[in-house]
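Heads up: the structure comes next, in structure tokens.
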Amino acid sequence: MLPVVWLPSARNDLRQILTYIARENPSAARRMKKLLEACVLPLSEHPYLYRQSERVLGLREIIAHPNYLILYRVAARKIEIVTVAHARREFPLSI
């Protein structure tokens, strides 16, 4: 099992998304947080569960919600959550 580590940039992305949603609907923000965090749980045991990203070379992507993607990297000894991005965001990212 590999540890799943959220990079500070990914935590910041998540916080911004949830803050935006919470302005209109705090309960929806809580549900979204649970959904996004639950999507990464299987990575510890199945790091290659999701496809390689066609948007950002070297990363894998989870379509966590129709509006949100989670991009991550499988490193030697850990899984790094790199960013949480809106699906309409322009790619490639400067990571």
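Per our numbering, the sequence shown runs over residues 172 to 266.
By construction, the Cβ of each residue, glycine as well, lies at the ideal position given by its N, Cα and C atoms.
Item                                                                                                         : Value
Contacting residues, own chain, Cβ-Cβ under 8 angstroms from C210 (five flanking each side not counted)      : I233, A235, I241
7 angstroms CB neighbourhood of A200 in its chain, flanking five on each side removed                        : L189, I192, A193
Assigned secondary structure, A209 (DSSP; H/G/I helix, E/B strand, else coil)                                : helix
Burial state of A246 (16 or more Cβ within 10 Å)                                                             : exposed
Enclosing beta strand (DSSP E) for R186 [first to last residue]                                              : Looking at the DSSP string, R186 is not in any beta strand (DSSP E); the run it does join, the alpha helix (DSSP H), is 179-195.
Cβ neighbours of V142 in the same chain (closer than 7 angstroms, five flanking residues each side left out) : In the structure displayed, the chain extends from 172 to 266; residue 142 sits before or after that span and is not available.
Exposed unless 16 or more other CB atoms sit within 10 angstroms - verdict on M203                           : buried
CB contact check: A200 to chain D, cutoff 7 angstroms                                                        : You won't find chain D in this structure, because it holds only one protein chain.
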